[in-house]
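For reference, the structure is listed below as structure tokens.
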Amino acid sequence: GAVVSQHPSWVICKSGTSVKIECRSLDFQATTMFWYRQFPKQSLMLMATSNEGSKATYEQGVEKDKFLINHASLTLSTLTVTSAHPEDSSFYICSARTGGPGYTFGSGTRLTVV
Amino acid sequence: KQEVTQIPAALSVPEGENLVLNCSFTDSAIYNLQWFRQDPGKGLTSLLLIQSSQREQTSGRLNASLDKSSGRSTLYIAASQPGDSATYLCAVRQSGGYQKVTFGTGTKLQVIP
């Protein structure tokens, strides 16, 4: 079935640095990718929707200059957390439409900013 | 704006019990609804997907129903096992546009041996 590979699975970074998270669709073309964030003991919240070759659409309250999304190809979307701070520590997960009724999720990235 | 609520937020049952998890959504213009489980610190595992035209889906001990007009879905788990302990999330996919997916608030299930 359709698989989305997400890397890294976990990362620890220092405050002020930037972190890039990658999601690759392995056996299908992902024209649309969704990025979610999950804070401890909370549900997943949609951050943005990215479409290949165009600018991402961000949800209200999500800083587009802080969370840079690039979807330059049909198989790769990246989320870069710029100038990360401890409050950005969270679980980030991507999801792609598979072309059918379903969508598949990456395995998630746990970001800890110290 | 779609809002998805799950009740109860937490549930603790003895092993072997049948249980029902509830999911309600405010906008009935959905493409489908999906149930997931999430183990602590892990990603999502898809359990069942119900298209908007369907009423229910079954997989093993799991049965999910959908009443789109009333904005409700239930996940029925038969003969619960300790391995069922996890957080269960429902997710609603909108029809039209980017078909945005909105997740519910989750139900944390603990099955006691």
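Just so you know, the sequences run in chain order A and B.
The first sequence finishes on residue 120 if you use the numbering used here, and the numbering steps up by one all the way, no holes.
The second sequence finishes on residue 98 if you use the numbering used here, and the numbering steps up by one all the way, no holes.
Backbone N, C-alpha and C fix where the C-beta goes; we use that ideal spot for every residue, glycine too.
- Taking the Cα of D71(A) as reference, the smallest distance to any Cα among V9(A), T88(A), E28(A) and S83(A) is reached at T88(A).
- In this structure, the alpha-carbon of A8(A) lies about 19 Å from that of A76(B).
- DSSP places D71(A) in the coil class of the three-state scheme, outside both helix and strand.
- Short of 6 Å from the beta carbon of A36(A), and not among the five residues preceding or following it, lie these beta carbons of its own chain, in chain order: A102.
- For F21(B), the uninterrupted beta strand (DSSP E) run begins and ends at I15 to Q23, by DSSP.
- For I18(A), the closest of Q66(A), I75(A) and D94(A) by C-alpha to C-alpha distance is D94(A).
- Sequence-distant Cβ neighbours of P(-1)(B) in its own chain, meaning closer than 6 Å and more than five residues away, are I97.
- Ranking L(-4)(B), F10(B) and G1(B) by CA distance to the CA of G89(B) puts F10(B) first.
- Just so you know, the alpha carbons of T87(B) and F111(A) end up roughly 14 Å apart.
- Spatial neighbours of S80(B) in its own chain (CB-CB distance under 8 Å, excluding positions within 5 residues in sequence) are listed in chain order as A14, I15, Y16 and S37.
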